[in-house]
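Under the numbering used here, the first residue of the first sequence is numbered 318, with each subsequent residue one higher. All C-beta atoms in this analysis are idealised placements derived from N, C-alpha and C, irrespective of residue type, glycine included.
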Amino acid sequence: MRLATWNVNSVKPRLPRLLAWLAETAPDVVCLQETKCAADAFPAAAVAELGYATAAHGDGRWNGVAVLSRIGLDDVARGFAGEPGFPDAEARAIGATCDGIRVWSIYAPNGRTPDSPHYAYKLSWFTALAAALGPELAAAADLAVCGDFNVAPTDADVWDPAAFVGATHVTPAEREALSGLRDTGLHDVVPTPMKGPHPFTYWDYRAGMFHQNMGMRIDLVYATEGLAKRVQSAYVDRETRKGKLPSDHAPIVVDLES
DNA sequence: ATGCCTTATTTCATAAGA
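See below:
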């Protein structure tokens, strides 16, 4: 079973690349983030031609998440119980069951700056997510939370820790939010970088950051223990960050036994 | 080489991303 996650930074301009990537990579289940379109504007017909069913959750200009699957797509949940908003709930989480595996595609709030109300929102969003996953983890044998967590788990997950002093994505409270998620029984499936020592998944568009490998690992796959033990390989598809009109994030591709 | 930002919208300017 091949599971992938990709922050596409808007599905509309990325659609040609998404279709080519689906055809080439052939994942069974794909979590997408920052689709930036309403649920009914998602190009479901185009991905259906490649055999994928779509579950989309979107609110227009910002955010937006989706799960694509060619192995079944049941019990779709848009958002989660107790999900905070800013001030209203945003399209940042969608869950679906794909051939017995509970899969969540998430796009965590950015936080903007540590003194911003958006940062407090980010932390509360993670706390609520961990709480909402509790009953699902008790009920589902296999569960994976995939997506853009907007937190670099360690200092090794940013290109230069000194450049992030005073910034979001690296603060102790954000990293505690990640450990809170892991405390529910989830394991960080760390992908192979394919180039360089760090499995970065995001590089800013500006100043040639990608070409200097000045990136961050902020896209994560958190899986239950049973699922994590089935991981045969996991890699950052950095090739997909290259070329014309890329997303600023690279996909993560995970292969699971059976 | 992989090449110096991109997106959608309240569009000729702005907010957001991280």
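Which of the three DSSP states, helix, strand or coil, is assigned to Val-328? Taking the first residue of the first sequence as 1, we reach residue 328 at position 11. In the structure shown, Val-328 falls within a helical segment according to DSSP collapsed to helix, strand and coil.
Environment of Met-318 [buried if 16+ CB atoms lie within 10 Å]: Mapped onto the first sequence, residue 318 falls at position 1. A residue is called buried when at least 16 other Cβ atoms come within 10 angstroms of its Cβ; Met-318 meets this threshold and is buried.
Quick one: does the C-beta of Ala-437 sit closer than 7 Å to a heavy atom of the ligand SAM? Here there are no bound small molecules, and the ligand SAM is not part of this structure.
Taking the straight line between their C-alpha atoms, what separation do you get for Ala-447 and Gly-497? Taking the first sequence and counting its residues from 1, the one referred to as residue 447 is at position 130. Taking the first sequence and counting its residues from 1, the one referred to as residue 497 is at position 180. Approximately 7 Å between the Cα atoms of the pair.
Apply the 10 Å Cβ neighbour rule to Trp-442 and answer buried if 16 or more other Cβ atoms are within range, or exposed otherwise. Your numbering for residue 442 matches position 125 in the first sequence. Per the 10 Å Cβ criterion, buried.
Ile-535 to Ala-425 span [Cα, whole Å]: If you number the first sequence from 1, residue 535 lands on position 218. If you number the first sequence from 1, residue 425 lands on position 108. Distance between the alpha carbons of Ile-535 and Ala-425 is about 10 Å.
Exposed unless 16 or more other CB atoms sit within 10 angstroms - verdict on Met-511: Within the first sequence, numbered from 1, the residue matching residue 511 stands at position 194. Exposed is the call here.
Could you tell me whether the Cβ atoms of Asn-467 and Asn-530 are closer together than 8 Å? For this step, residue 467 is matched to residue 150 along the first sequence. For this step, residue 530 is matched to residue 213 along the first sequence. No.
Can you say whether Asp-476 is buried or exposed, counting buried as having 16 or more other CB atoms within 10 angstroms of its CB? Locating residue 476 in the first sequence gives position 159, counting from the first residue. Residue identity differs from the one stated: residue 476 is Trp in this sequence, not Asp. The residue is buried, with at least 16 neighbouring Cβ atoms inside 10 Å.
I think Thr-509 touches Ala-551, with their Cβ atoms under 8 Å apart; what is that distance to the nearest whole Å? Start at 1 with the first residue of the first sequence, and residue 509 comes out as number 192. Start at 1 with the first residue of the first sequence, and residue 551 comes out as number 234. About 7 Å separates the Cβ atoms of Thr-509 and Ala-551, confirming a contact at the 8 Å cut-off.
Tell whether a beta-carbon distance below 8 Å holds between Ala-490 and Leu-440. For this step, residue 490 is matched to residue 173 along the first sequence. For this step, residue 440 is matched to residue 123 along the first sequence. Yes, Cβ-Cβ distance for Ala-490 and Leu-440 is below 8 Å.
Given a cut-off of 8 Å on the beta-carbon distance, is the pair Met-533 and Ala-494 in contact? Residue numbering aside, residue 533 sits at position 216 when the first sequence is read from its first letter. Residue numbering aside, residue 494 sits at position 177 when the first sequence is read from its first letter. Taking the C-beta atoms as reference points, Ala-494 is found no nearer than 8 Å to Met-533.
Taking Ala-406 and Gly-377 to be in contact with their CB atoms under 8 Å, please state how far apart those CB atoms are, rounded to whole angstroms. What you label residue 406 is simply residue 89 of the first sequence in a count that begins at 1. What you label residue 377 is simply residue 60 of the first sequence in a count that begins at 1. Between the beta-carbon of Ala-406 and that of Gly-377 there is about 13 Å, and that puts the pair past the 8 Å contact cut.
Using the Cβ count rule (16 or more neighbours within 10 Å means buried), how would you classify Trp-379? Counting from one through the first sequence, the residue named residue 379 turns up at place 62. Here Trp-379 is exposed, its C-beta having fewer than 16 other C-beta atoms within 10 Å.
Using DSSP with H/G/I as helix, E/B as strand and the rest coil, what is Ser-386? Mapped onto the first sequence, residue 386 falls at position 69. In this structure, Ser-386 counts as strand in the three-state DSSP scheme.
Compute the distance between the beta-carbons of Ala-410 and Val-420, then report whether it is under 8 Å. For the purposes of this step, residue 410 is taken as residue 93 along the first sequence, with counting starting at 1. For the purposes of this step, residue 420 is taken as residue 103 along the first sequence, with counting starting at 1. Their beta carbons are not under 8 Å apart, which means Ala-410 does not touch Val-420 by this criterion.
Could you tell me if Gln-549 is buried or exposed, where buried requires 16 or more neighbouring beta carbons within 10 angstroms of its beta carbon? The sequence position of residue 549 within the first sequence is 232, counting from 1. Looking at its Cβ environment, which holds fewer than 16 other Cβ atoms inside 10 Å, Gln-549 is exposed.
Buried or exposed, going by whether 16 or more other CB atoms sit within 10 Å of the CB of Glu-351? Against the first sequence, residue 351 aligns to sequence position 34. So Glu-351 ends up on the buried side.
Alpha carbon to alpha carbon, how far is Asp-432 from Glu-341? Give it in angstroms, no decimals. Residue 341 sits at position 24 when you count from the first residue of the first sequence. Residue 432 sits at position 115 when you count from the first residue of the first sequence. For the pair Glu-341 and Asp-432, the Cα-to-Cα distance works out to about 43 Å.
Nearest to His-515 by CA position, among Thr-471, His-374 and Leu-320, is which residue? Looking up residue 515 in the first sequence gives position 198. Of all alpha-carbon atoms in Thr-471, His-374 and Leu-320, the one lying nearest the alpha-carbon of His-515 is that of Thr-471.
Determine, using beta carbons only, whether Glu-542 and His-504 come nearer to each other than 8 Å. As a first step, residue 542 is located in the first sequence; it is residue number 225 there, counting from the start. As a first step, residue 504 is located in the first sequence; it is residue number 187 there, counting from the start. One thing to note: Glu-542 has its Cβ within 8 Å of the Cβ of His-504.
Contact set for Ala-361: own chain, Cβ-Cβ below 6 Å, skip 5 residues either direction: Here residue 361 refers to the residue found at position 44 of the first sequence. Contacts found: Thr-371.
Going by the beta-carbon positions, is the gap between Ser-385 and Ala-363 smaller than 8 Å? Position 68 of the first sequence holds residue 385. Position 46 of the first sequence holds residue 363. Here residue 385 turns out to be Leu, not Ser, going by the sequence shown. Cβ distance not < 8 Å, so Leu-385 and Ala-363 don't count as in contact.
Mind checking Leu-573: buried by the 16 CB within 10 Å criterion, or exposed? Taking the first sequence and counting its residues from 1, the one referred to as residue 573 is at position 256. Its Cβ being crowded by 16 or more others within 10 Å, Leu-573 is buried.
So what does Leu-537 bridge to, in DSSP terms? The sequence position of residue 537 within the first sequence is 220, counting from 1. Paired residues: Gly-464.
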